[in-house]
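Peer 1: Provided herewith is a single structure, encoded as structure tokens, for subsequent inquiry.
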Amino acid sequence: MNKIMAIKVNGRIANAPAVQDVLTKYGCNIKTRVGFHEVNEDQCSTDGILILQLFGDDSEIQAMNSELLKIDGIIPKFIEF
Numbered sequence: 017m018n019k020i021m022a023i024k025v026n027g028r029i030a031n032a033p034a035v036q037d038v039l040t041k042y043g044c045n046i047k048t049r050v051g052f053h054e055v056n057e058d059q060c061s062t063d064g065i066l067i068l069q070l071f072g073d074d075s076e077i078q079a080m081n082s083e084l085l086k087i088d089g090i091i092p093k094f095i096e097f
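Straight run, no breaks: the sequence shown in the working numbering ends on number 97.
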């Protein structure tokens, strides 16, 4: 089964470093990472969405989810097919 996580990052500029720390810690559990945020000539969005294709032990993935939930403005959700 594919393990997919979507992460809504509110306050991207303030919260991205903490999210990056968690994703780096669990980097061996991430096969694919795609990030989206609005951008134009005048500004860069303060919110974003990350999509992760995950790999590995469920306990590691749940630990990553728990750490992400502790960060203000971060909403991780699992997508199951």
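Where is the CB? At the ideal position from N, CA and C, for every residue including glycine.
#1: Based on the DSSP secondary-structure assignment, which residues constitute the bridge partners of residue 48?
#2: Kindly indicate which residue of 81, 43, 85 and 35 has the alpha-carbon position closest to the one of residue 64.
#3: At what residues does the beta strand (DSSP E) containing residue 93 begin and finish?
#4: In whole angstroms, what separates the C-alpha of residue 60 from that of residue 97?
#5: State buried or exposed for residue 85, treating a residue as buried only when at least 16 other CB atoms are found within 10 Å of its CB.
#6: Mapping the DSSP letters down to three states, classify residue 87 as helix, strand or coil.
Peer 2: Looking at the atomic coordinates:
#1: Here the question's residue 48 lines up with position 32 in the sequence shown. 69.
#2: Position 48 of the sequence shown, counting from 1, holds the residue named residue 64. The option with the nearest alpha carbon to residue 64 is 35.
#3: To locate residue 93, count along the sequence shown from 1; it is residue 77. 90-95 is the span of the beta strand (DSSP E), which, as asked, contains residue 93.
#4: The residue you call residue 60 lines up with position 44 of the sequence shown. The residue you call residue 97 lines up with position 81 of the sequence shown. So the two alpha carbons sit approximately 32 Å from each other.
#5: The residue given as residue 85 occupies position 69 in the sequence shown. Exposed is the call here.
#6: Locating residue 87 in the sequence shown gives position 71, where the first residue counts as 1. Coil.
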